[in-house]
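**Student:** Numbering (my numbering), first residue to last: 308 to 1222.
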RNA sequence: GCCGGGGUGGCGAAAUGGUAGACGCAACGGACUUAAAAUCCGUUGGGGGGCAACCCUCGUGCGGGUUCGAGUCCCGCCCUCGGCACCA
């Protein structure tokens, strides 16, 4: 392979950087200097290693980190591993090796691959969520959550001890549902310890509750809503998931719903991601309305976003699981209701979506009273009403709701329009705005005003009140897995929960021979966490003679990634999860300055981490309300994949071009048949991966072209945020560029330097400074593809020169350095510099050379703008006038008038006044 | 169905409302070479004209509009990718 010796150069500089710890961020940096915290979403240490799609974001952040260092900014650029969780455990189970060992092995391999790309991480700060020193503090944060609650008035987290103090002082009482109320309930002091704890459990941010959860028998674990697909299957492994009530740890993320939504305004994130989070949180304003039930003491509470349509509520619907179904159902309807309920509950999520939106339901025989009309309206149950949203019951207003309309049509229920649809509106539900009709005191009002008036009326009459409802559910936080953080929790003999003291952390994961989960085909199989098989010496703890059992569930995958960005600031601190002063510096301003990762974490990691961060903020442990000030989603690198006539994937390297069409060329090897040689293959396009045989290994690319070329190619492919196709054949373009750069500065044959200490020409300086401006702008915008294009353009001019002036060569190399650091370091050294260029100041564009070569001239005829000419900056007045005369629009409006040579220059645009 | 991002050469793509296609790949022609590779020089959106330097014309998914001027802004469609989806 001809050209510059990239292999030697890259190894040489990687060794120097590692040996000198060039990119280490010292423990005690000067806090008066500006900082830049640039972070990648840390990866799972997967067993198959990286393909070229993975490091796309890492290369981008690396370029930015290097660029910022050259600007004299303190840079924190760390990397770590999210190593707990299902993938790591499954990999270990498959290979029959303890996850501790496979995880370490995978981390080592990924570290090797990352280092080979020349990434300038601070390797002294590498952490893994599975390190005891790390998960100690994950457990510590869990204890913070357990010991906190959110004050409903302020929306802020506080230590729950404060609430207890207030209760002991008699500021609050407790009602029959163990809810805290201002007055009228039981006094705190009369409650037993167990009763008190039952009250507090309703407020703690970490609590145990028996709730319907997503149970995946084949994974042997429960899953968060976010980990279940629309088809009702597990995101990992695609196994069926069943709803089932289980006692589980929950995190009360709903208590933060309002701030998680509103604080999105504080951050610089892609609008699409903000929107996804807003949709996930699902804030909607409306009202709770309480309906009396005919002949019952019970009432029925519903949530609606359309209180204005109450006059049109002609029936009610309960979710099949609603607790009042049994009490309400009349004897005559009992069998029908029970049958429907059984049928509905046996339906999986798949059945429900597969059957479309056909409405099913059953009449309970009971009636409610519409508080607005006083009429008796029938109460039904139907599975289109979900127990998990609102109150699990609705008032049905078929005239103004498509679902209610469909249900009413199916079961022949009355429909009363309460909003006047436009003329010629069809026979369907009208959800738009219009004057209220058939609505008593609301008639004539628009929807908005009617909502307000009805809400006020409900509050006045005591039938309800305005409220805000969220789609967001509490976060199911237990997993029946081995490879996760153990909870710092003990269970007492009477079921009481005893959190570990901070001084008793960490609660270490026990060594176990058999760590595999208990899979089952039976949806009703009891959960059997692997830790139930842990030795008794681990499971049982005796304190003051009381025998406690450790919690046997572990935390989910997401726990470790909720706060790793804070640990990077102070990774070896044994006394605190992060030093407050360091935290204030590195998280200062708007938090992390740039966070780069895939959009797939929009509602998982990014929402969970924000929740934890807000709790830590409220409790005074961190200094910013939001962790990630600026978020950038890099696109995916996709790749073409090929199938032969049988539909079997053909490896990309076996595809050849045959008259412009792809064809499979299978090598004629002794043990390999080649029936499909030259056969046309079909091309598809998608993610890189094993199954499509289209993954490209970065190690191979580094071998063939060098990692500087790989880095450049990945950035040159297209905009960072876009998905774009990988084409190995295109990689030679940027490789040739680097070869030409090298040959511009180093003689191919004599190895002598071709850089001279001669002054540059005016033309060269103009080119240089324009390029500096372009590249600098592009760096700030993360537009690396256009930055590279600018450098290629400049290099194409330089390549015609026999010698290159030092004043041109050095800034050029500095600008290229963040993207192709190895070759630039080598050139820099050959230019005679002893120090690495990593901290050499970034070149500045000199304004003198940036004058525009064109000007915009606004041509006004009789004070009205008639044309704008773009002309050469050094054009004479006569030339300008001639150009103006040639403009059709000017000529049209001149109508024989003469042009006056009145030219003035406000800034860039020159006004040529004519008339 | 709702929300969001995109549609520009053979391909990846550039273009603060101002010469559309920078830069790269591929292709073609040429130089060097016994030859090939590598390298270097040139051509490359469509159509038309000129001996020529060049010139004309049509072109950014489709149809309208605003503007002296629209790939870019506005309205209405079509296609495509992503997210959500019986959320009251």
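All C-beta atoms, glycine included, are put in the ideal place defined by N, C-alpha and C. Note that the structure is predicted; figures quoted are calculated from it, not measured.
Rounding to the nearest angstrom, what Cα-Cα distance links residue 324 and residue 561 in this structure?
**Tutor:** If I take the Cα positions, the gap works out to 47 Å.
**Student:** CB-CB under 8 Å to residue 775, same chain, minus the five flanking residues each way: which ones, in chain order?
**Tutor:** If we look at residue 775 and ignore the five residues flanking it on each side, its Cβ neighbours are 565, 590, 591, 592, 593.
**Student:** Got a sec, what are the start and stop residues for the beta strand (DSSP E) residue 847 sits in?
**Tutor:** Run containing residue 847: 847-850, per the beta strand (DSSP E) assignment.
**Student:** If you follow the beta strand (DSSP E) that residue 530 is part of, which residue opens it and which one closes it?
**Tutor:** Element bounds for residue 530: 528-530.
**Student:** Could you check whether residue 672 and residue 689 sit closer than 9 Å to each other, using their CB atoms as the reference points?
**Tutor:** Contact flag unset, no.
**Student:** Secondary structure at residue 906, three-state DSSP: helix, strand or coil?
**Tutor:** In this structure, residue 906 counts as helix in the three-state DSSP scheme.
**Student:** Taking 9 Å as the threshold (C-beta atoms), are residue 1150 and residue 1090 in contact?
**Tutor:** Their beta carbons are not under 9 Å apart, which means residue 1090 does not touch residue 1150 by this criterion.
**Student:** Quick check: the Cα distance between residue 370 and residue 380, rounded to an integer number of angstroms?
**Tutor:** If I take the Cα positions, the gap works out to 14 Å.
**Student:** Check whether the region 388-402 and the region 1029-1047 touch, using three or more Cβ-Cβ pairs below 8 Å as the test.
**Tutor:** At 8 Å Cβ cutoff, the stretches do not touch.
**Student:** Could you pull the DSSP bridge partners for residue 1141 from this structure?
**Tutor:** According to DSSP, residue 1141 bridges with nothing at all.
**Student:** Residue 983 to residue 958, Cα distance in whole Å?
**Tutor:** Because residue 983 carries a pLDDT of 44, less than 50, the predicted location of this residue cannot be relied on, and the following value inherits that uncertainty. So the alpha carbons of these two residues sit roughly 13 Å apart.
**Student:** Under a Cβ-count criterion, where at least 16 other Cβ atoms within 10 Å of its own Cβ denotes burial, should residue 501 be classed as buried or exposed?
**Tutor:** Flag for residue 501 reads exposed.
**Student:** Taking just the CA atoms, how far does residue 433 sit from residue 1101?
**Tutor:** Those two C-alpha atoms are separated by around 38 Å.
**Student:** Our contact map puts residue 994 next to residue 941 with C-beta atoms below 8 Å; I'd like the distance itself, whole angstroms only.
**Tutor:** That pair is no contact at about 14 Å.
**Student:** With DSSP as the reference, label residue 772 as helix, strand or coil.
**Tutor:** In the structure shown, residue 772 sits in a strand (DSSP, three-state: E or B).
**Student:** If you run the structure through DSSP and keep just helix, strand and coil, what is residue 347?
**Tutor:** Strand, per DSSP.
**Student:** Determine, using beta carbons only, whether residue 871 and residue 436 come nearer to each other than 9 Å.
**Tutor:** In this structure, residue 436 lies closer than 9 Å to residue 871 by Cβ.
**Student:** Using the Cβ count rule (16 or more neighbours within 10 Å means buried), how would you classify residue 455?
**Tutor:** So residue 455 ends up on the buried side.
**Student:** Should the region 315-332 be called in touch with the region 413-421, which here means at least 3 C-beta pairs below 8 Å?
**Tutor:** As far as the Cβ criterion goes, the region 315-332 does not touch the region 413-421, which means the pair count is below three.
**Student:** Roughly how many angstroms separate the alpha carbons of residue 980 and residue 1095, rounded to a whole number?
**Tutor:** Here residue 980 scores only 39 on pLDDT, less than 50, and its place in the model should not be relied on; the value that follows carries that caveat. Straight-line Cα distance between these residues: approximately 44 Å.
**Student:** Less than 6 Å between C-beta atoms, sequence neighbours within five positions excluded: which residues of the same chain meet that for residue 581?
**Tutor:** Once the five neighbours on either side are set aside, the close Cβ partners of residue 581 are 571.
**Student:** Per DSSP, what kind of secondary structure is residue 569 in: helix, strand or coil?
**Tutor:** Three-state DSSP puts residue 569 in a helix.
**Student:** Between the C-alpha atoms of residue 925 and residue 1125, what's the straight-line distance to the nearest angstrom?
**Tutor:** Each residue's Cα considered, the two are about 39 Å apart.
**Student:** Under 7 Å Cβ to Cβ from residue 427, same chain only, skipping five residues before and after it: list those, please.
**Tutor:** Same-chain partners within the cutoff: 330, 369, 372, 373, 384.
**Student:** Along the chain, where does the beta strand (DSSP E) containing residue 700 start, and where does it finish?
**Tutor:** Segment 700-703, the beta strand (DSSP E) holding residue 700.
**Student:** What residue does the alpha helix (DSSP H) around residue 1019 start on, and which one ends it?
**Tutor:** It spans 1014-1023 - the alpha helix (DSSP H) in which residue 1019 sits, taken as one unbroken run.
**Student:** If we count Cβ pairs, one from each stretch, closer than 8 Å, do we get three or more for the region 604-618 versus the region 672-688?
**Tutor:** Segments in contact, yes.
**Student:** Excluding sequence positions up to five away, which residues of its chain have a Cβ less than 8 Å from the Cβ of residue 1078?
**Tutor:** Once the five neighbours on either side are set aside, the close Cβ partners of residue 1078 are 1097, 1098, 1100, 1101, 1119, 1122.
**Student:** Using CA coordinates, which residue listed in 486, 532, 757 is at the minimum distance from residue 747?
**Tutor:** Ranking 486, 532, 757 by Cα distance to residue 747 puts 757 first.
**Student:** Just curious, the alpha helix (DSSP H) that residue 384 is in, first and last residue?
**Tutor:** Here residue 384 belongs to no alpha helix (DSSP H), and DSSP marks it neither H nor E.
**Student:** State the CB to CB distance for the pair residue 782 and residue 468, rounded to an integer number of angstroms; the pair is presumed to be in contact (CB under 8 Å).
**Tutor:** Contact doesn't hold; Cβ gap of about 23 Å is too wide.
**Student:** For residue 831, does the count of other Cβ atoms within 10 angstroms reach 16, so buried, or fall short, so exposed?
**Tutor:** Residue 831 is exposed by the Cβ-count criterion.
**Student:** Say whether the region 504-519 touches the region 548-557, bearing in mind that this needs 3 or more beta-carbon pairs closer than 8 Å, one atom from each stretch.
**Tutor:** Touching, yes.
**Student:** Helix, strand or coil, according to DSSP, for residue 870 in the structure here?
**Tutor:** Coil at residue 870, not helix or strand.
**Student:** Along the chain, which unbroken stretches of the beta strand (DSSP E) at least 3 residues long are found entirely within the region 744-792?
**Tutor:** Those beta strand (DSSP E) runs which fall completely within the region 744-792 and span 3+ residues are 771-776.
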